[in-house]
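Heads up: the first sequence begins at 779 in my numbering, then just goes up one per residue.
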Amino acid sequence: MELPIVTEISQNRRSPFEVLIATILSLRTKDEVTRSASKRLFEKANTPQQMLGLEDSEIAELIYPVGFYNTKSRTILEVSRVLIKDYGGSVPDDLDSLLRLKGVGRKTANLVLTLGYGKLGVCVDTHVHRINNRLGYVKTKTPEQTEMALREKLPKQYWIQYNDLLVTWGQNVCKPISPICSKCDISIYCKRIGVTKSR
DNA sequence: AAAACGGGGGC
DNA sequence: GCCCCAGTTTT
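Printed below as a string of structure tokens:
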């Protein structure tokens, strides 16, 4: 099973900055599309200093297929500027500082901590949110509520592996539409809440 | 709470 | 052709 792109980047010993940028590119975007776009971008620039050497429109053109390319290219440049100005050109390794960056929300911040620094983070995206609610493990409306619930319920030692596992599972088995329940190892524990069609 | 940001891929 | 995607910001 192919690894999600951001995970793959972290496992190739890429920098926290690359994890951060790849995560920004991946927002609301299919994994395969993010894969090619991040590769193109990193060939041109993979540090905040190098990013600032590119024009807004240049970045937008490189990442074009990911969608939201105007927002994302501005975010990349703005984040790069702040990293140089306030953090000596490196990515901060605490949640509060990361959340203060424009364009970085809870999911991105926690993912940078987890994959960029091997630190604690419960990263709740649509996959983690959906799977936990289907299982009946949590009953939450927003991803942030799911994050807080998991911090209480899930043993710390599993937090880092947990996200990668569920995202991979969410992309390949417990899909948003027509999940392949016959291929699911934890099917017997699942309440299938909100699952209409399954295979 | 809902809209806006967006092209690509699945069906 | 229609709907969703490792979200976040703005209204």
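Heads up, the beta-carbon is just placed ideally off N, CA and C, and yes, glycines get one too.
Where the alpha helix (DSSP H) through residue i begins and ends
{"i": "Ser-976", "result": "No alpha helix (DSSP H) holds Ser-976; DSSP gives it neither H nor E."}
{"i": "Asp-809", "result": "809 to 822"}
{"i": "Val-860", "result": "847 to 865"}
{"i": "Asp-874", "result": "873 to 878"}
{"i": "Arg-806", "result": "Neither: Arg-806 is in no alpha helix (DSSP H) and is coded neither H nor E."}
{"i": "Arg-912", "result": "904 to 913"}
{"i": "Arg-897", "result": "Contrary to the premise, residue 897 reads as Lys rather than Arg in this sequence. Segment: none, Lys-897 is in no alpha helix (DSSP H) and carries neither H nor E."}
{"i": "Thr-886", "result": "884 to 889"}
Which of helix, strand or coil DSSP assigns to residue i
{"i": "Asn-790", "result": "coil"}
{"i": "Thr-920", "result": "coil"}
{"i": "Gly-948", "result": "helix"}
{"i": "Glu-833", "result": "coil"}
{"i": "Lys-961", "result": "helix"}
{"i": "Pro-870", "result": "coil"}
{"i": "Arg-929", "result": "helix"}
{"i": "Leu-943", "result": "helix"}
{"i": "Pro-782", "result": "coil"}
{"i": "Thr-801", "result": "helix"}
{"i": "Pro-843", "result": "helix"}
{"i": "Pro-826", "result": "helix"}
{"i": "Ile-971", "result": "coil"}
{"i": "Lys-934", "result": "helix"}
Do three or more CB pairs link the segment 865 to 873 to the segment 828 to 842 at distances below 8 Å? As far as the Cβ criterion goes, the segment 865 to 873 does not touch the segment 828 to 842, which means the pair count is below three.
Would you be able to state if there are at least three C-beta pairs under 8 Å between the segment 885 to 900 and the segment 818 to 827? Counting Cβ pairs under 8 Å, fewer than three are found: no touch.
Would the segment 876 to 887 and the segment 852 to 861 be scored as touching if the rule is three or more Cβ pairs under 8 Å? Segments in contact, yes.
For the segment 905 to 918 and the segment 812 to 819, state whether three or more C-beta atom pairs, one from each stretch, are separated by less than 8 Å. Touching, no, given that fewer than three Cβ pairs across the two stretches are closer than 8 Å.
Could you check whether the segment 922 to 930 touches the segment 944 to 953, counting it as contact only if at least three pairs of C-beta atoms, one from each stretch, sit closer than 8 Å? No contact exists between the segment 922 to 930 and the segment 944 to 953.
With a cut-off of 8 Å, do at least 3 Cβ pairs link the segment 830 to 838 to the segment 800 to 817? When C-beta atoms of the segment 830 to 838 are compared with those of the segment 800 to 817, fewer than three pairs fall below 8 Å, so the two segments do not count as touching.
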